[in-house]
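Working notes for the structure below.
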Amino acid sequence: MAKAKSNKALVLRSCAENMTSHGGFVWPGVGEIAEAPDWQNNKKCGQGLHGWLYGQGDHSMSQFTDATAKWLVVEVDEADVVMLGGKCKFPRGKVVFVGTKIDAAAYIIEHEPRARNVAVIGAQLAAGDKESVLVGALGTATAGESGTATAGYRGTATAGESGTATAGNYGTATAGNYGTATAGYRGTATAGESGEIQIKWWDDAKNRYRTVIGYVGEDGIEADVPYVLDTNHKLVRKV
Numbered sequence: 001m002a003k004a005k006s007n008k009a010l011v012l013r014s015c016a017e018n019m020t021s022h023g024g025f026v027w028p029g030v031g032e033i034a035e036a037p038d039w040q041n042n043k044k045c046g047q048g049l050h051g052w053l054y055g056q057g058d059h060s061m062s063q064f065t066d067a068t069a070k071w072l073v074v075e076v077d078e079a080d081v082v083m084l085g086g087k088c089k090f091p092r093g094k095v096v097f098v099g100t101k102i103d104a105a106a107y108i109i110e111h112e113p114r115a116r117n118v119a120v121i122g123a124q125l126a127a128g129d130k131e132s133v134l135v136g137a138l139g140t141a142t143a144g145e146s147g148t149a150t151a152g153y154r155g156t157a158t159a160g161e162s163g164t165a166t167a168g169n170y171g172t173a174t175a176g177n178y179g180t181a182t183a184g185y186r187g188t189a190t191a192g193e194s195g196e197i198q199i200k201w202w203d204d205a206k207n208r209y210r211t212v213i214g215y216v217g218e219d220g221i222e223a224d225v226p227y228v229l230d231t232n233h234k235l236v237r238k239v
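What follows is the structure, encoded as structure tokens:
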């Protein structure tokens with residue numbers, strides 16, 4: 001298809017392998033129109049078709065994110081879109097793509113200009129030296145020397161020498177020599193010579209996240225070795 005028209009927008013979403021979603025709704029194939037049988041123009045979840053406008057949002061709003069899930073890109077009338085917390089809903093839309101998570105993310109970035117400046121769920125993007133790259137949950141971001149790579153929940157972020165790599169909860173962050181690798185809760189961090197690693201943990205008593213910092217070459221922290229936190233919130237080699 002052509003680029004998204006000025007009065008149209010592209011929405012990313014996922015469903016089960018058999019193209020069903022919540023409530024048993026069956027999504028049609030490419031080129032066909034999906035229409036909600038229960039549409040209500042309100043700010044309530046439900047009563048419409050749901051997805052992530054421009055590919056950005058809270059991935060946990062969908063229960064279909066495993067390896068068998070089908071990922072769709074849907075063209076909708078922008079005026080019909082109702083924004084909800086972490087997702088949107090709409091009464092109808094034309095399915096323009098069905099495939100894998102990676103391919104769907106690539107499609108929406110190519111055909112929806114507004115997706116190029118947001119953290120698209122499932123995207124795999126790379127940037128060069130001294131450049132920045134951002135992807136959403138379940139995505140992979142790679143940057144070169146002195147670059148910045150950021151990925152969301154269960155994402156993978158990799159940056160070269162003197163770079164900064166940041167991944168969300170359960171994610172993996174890797175930076176080169178002199179770089180900084182930061183991972184969220186239950187994440188994994190790796191840095192090269194003279195690098196720095198940071199991993200978050202949840203402090204129940206204070207109801208807040210805390211960060212453990214390790215410096216490569218000090219306190220037994222080695223270069224190019226992946227680290228996680230143990231039950232005492234100490235940095236240990238990942239097994």
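First residue of the sequence shown: 1, per full-length UniProt numbering; consecutive thereafter.
Where is the CB? At the ideal position from N, CA and C, for every residue including glycine.
Remember, it's a predicted structure, so these values are computed and weren't measured experimentally.
Among the options, nearest to residue i - alpha-carbon criterion
i       : options                              : result
Ala-119 : Asp-203, Leu-53, Thr-211 and Glu-35  : Leu-53
Trp-201 : Ala-181, His-233 and Asp-219         : His-233
Gly-160 : Lys-130, Asp-38 and Lys-94           : Lys-130
Pro-28  : Lys-238, Val-98 and Val-239          : Val-98
Tyr-178 : Tyr-215, Gly-171 and Tyr-153         : Tyr-215
Glu-17  : Gly-176, Thr-100 and Val-95          : Thr-100
Ser-62  : Lys-44, Ser-21, Glu-78 and Met-83    : Ser-21
Gly-23  : Glu-110, Glu-32, Asn-207 and Cys-45  : Cys-45
Ala-115 : Tyr-209, Ala-36, Gly-57 and Asn-207  : Gly-57
Lys-8   : Pro-113, Val-30 and Ala-67           : Pro-113
Val-225 : Gly-163, Thr-68, Ala-175 and Thr-231 : Ala-175
Lys-43  : Asp-80, Ala-181 and Leu-134          : Asp-80
Which of helix, strand or coil DSSP assigns to residue i
i       : result
Lys-101 : helix
Met-1   : Any answer about Met-1 is weak, because its pLDDT of 48 lies below 50 and its placement is not dependable; what the coordinates show is given next. Coil, per DSSP.
Asp-77  : strand
Ala-69  : coil
Tyr-215 : strand
Gly-24  : helix
Glu-110 : helix
Ala-183 : strand
Arg-116 : helix
Integer Cβ distance of residue i from residue j, believed to fall under 8 Å
i       : j       : result
Ile-108 : Leu-229 : So it is not a contact: roughly 35 Å between Cβ atoms.
Ile-121 : Gly-144 : About 24 Å; that fails the 8 Å criterion.
Trp-71  : Ser-146 : No, Trp-71 and Ser-146 are not in contact; Cβ-Cβ is about 33 Å, not under 8 Å.
Asn-41  : Val-82  : 7 Å
Thr-140 : Gln-124 : 4 Å
Per DSSP, the bridge partner or partners of residue i
i       : result
Leu-10  : Glu-75
Ala-36  : In DSSP, Ala-36 forms no bridge with anything.
Cys-88  : Gly-51 and Met-83
Gly-93  : Ala-34
Asp-129 : Partner(s): none; Asp-129 has no beta bridge.
Lys-200 : Thr-211
Contact set for residue i: own chain, Cβ-Cβ below 6 Å, skip 5 residues either direction
i       : result
Met-1   : Residue placement at Met-1 cannot be trusted, given a pLDDT of 48 that sits under 50; the coordinates are not used to answer.
Ala-126 : Thr-142
His-50  : Lys-87 and Lys-89
Thr-153 : Note on residue identity: the sequence assigns Tyr, not Thr, to residue 153. Excluding sequence neighbours, Tyr-153 sits near Ala-137, Gly-168 and Asn-169.
Asp-203 : Arg-210
Cut-off 7 Å between Cβ atoms - residues of its own chain near residue i, not counting five sequence neighbours on either side
i       : result
Ser-194 : Asn-177, Tyr-178, Val-216 and Gly-217
Lys-39  : Lys is not the amino acid found at residue 39; the sequence shown has Trp there. Closer than 7 Å at Cβ, skipping near neighbours: Gln-47, Gly-48 and Pro-91.
Ser-132 : Ala-143, Gly-147 and Thr-148
Chain-order list of residues whose beta-carbon lies under 8 Å from that of residue i (same chain, five-residue window excluded)
i       : result
Tyr-227 : Thr-188, Ala-189, Thr-190, Ile-197, Ile-199, Gly-214, Ile-221, Leu-235, Val-236, Arg-237 and Lys-238
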